[in-house]
Structures are given as C-alpha cells and as structure tokens.
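Trainee: My questions all concern the structure below.
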Amino acid sequence: MVIIKDNIFRITRGDSCIINLTIYDGTEVYTPTEDDTIIFTVKPDINNDYEVIKKEFANGETLALYKNDTIDLNFGEYFYDIRIENNNNYDTILDQGTFIVEGGTANNARS
Numbered sequence: 068m069v070i071i072k073d074n075i076f077r078i079t080r081g082d083s084c085i086i087n088l089t090i091y092d093g094t095e096v097y098t099p100t101e102d103d104t105i106i107f108t109v110k111p112d113i114n115n116d117y118e119v120i121k122k123e124f125a126n127g128e129t130l131a132l133y134k135n136d137t138i139d140l141n142f143g144e145y146f147y148d149i150r151i152e153n154n155n156n157y158d159t160i161l162d163q164g165t166f167i168v169e170g171g172t173a174n175n176a177r178s
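Residue numbers (the working numbering): 68 to 178.
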C-alpha cells in the first residue's frame, strides 16, 4: 500500500508503485529538458547524506519504486526529497517530507 498526503509518503515494506510527477515553475507546468535529471532520495534523516534509496530519471516524470527498493529497509520514518539538477549546475529541491516504511501484507514481502 502506498499513500502520499501532505508531504508524508507511506509505503508498505516490499510494495511497488509508479508515481506520475507534475513539476510546476510558479503556476506553469514545467517540462524537463534533456539537460535535467530528476532525483528522488530517501535518507535516514534530513541531515544525513547516506541514501537508502536513490532514483534518477532524465526527461521523465514517472517515479517507480520496486519491491527491492524497500524490502530490506527497517520499519520507521525516513526523510525523502525530490530535486532537479542539470548541466548548468542548477540544483533545487522540488519536494521533501517524511517517508514511512510500514509493516503489512505486501506481495511476497519478508517479515
């Protein structure tokens, strides 16, 4: 199960999900260029550089998390961010918040 609401991303350990992202520049929809890379990271906390999940996707607006991305994570709270980088040294955070790995009955998840 995946629930995203109010900058809280909840996922059952071992679940998969596909998330379509819409990026805004002010009130206008921003279409990534070929120089842009969208990066999704999950870390133990906001001040930690260690990434337990890192997904990069260029020219795309779809984030895919698979079973193997979360199956070995401990239950509990983490910190996530989504940022955009490009070849012009532009790096900005698009979204950030709490990433919660929960127990439950994901398909084929380990206990």
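We treat Cβ as the ideally placed atom computed from N, Cα and C, and that holds for glycine. Values in this document were obtained by computation on a predicted structure and should not be read as measured data.
Tell me whether D82 sits in a helix, a strand or coil according to DSSP, three-state version.
Mentor: Against the sequence shown, residue 82 aligns to sequence position 15. In the structure shown, D82 sits in coil (DSSP, three-state: anything other than H, G, I, E or B).
Trainee: Under a Cβ-count criterion, where at least 16 other Cβ atoms within 10 Å of its own Cβ denotes burial, should F142 be classed as buried or exposed?
Mentor: The residue labelled residue 142 in the question sits at position 75 within the sequence shown. Burial call: exposed.
Trainee: Are I75 and G171 close, meaning C-beta to C-beta below 7 angstroms?
Mentor: For this step, residue 75 is matched to residue 8 along the sequence shown. For this step, residue 171 is matched to residue 104 along the sequence shown. Cβ distance not < 7 angstroms, so I75 and G171 don't count as in contact.
Trainee: Considering only residues of the same chain and omitting the five flanking positions on each side of Y117, which have a CB-CB separation below 8 angstroms?
Mentor: For this step, residue 117 is matched to residue 50 along the sequence shown. These residues qualify, in order along the chain: K110 and P111.
Trainee: Looking at the secondary structure, which residues open and close the alpha helix (DSSP H) in which D136 lies?
Mentor: Here residue 136 corresponds to residue number 69 of the sequence shown, with the count starting at 1. Where D136 is concerned, the enclosing alpha helix (DSSP H) stretches over K134 to T137.
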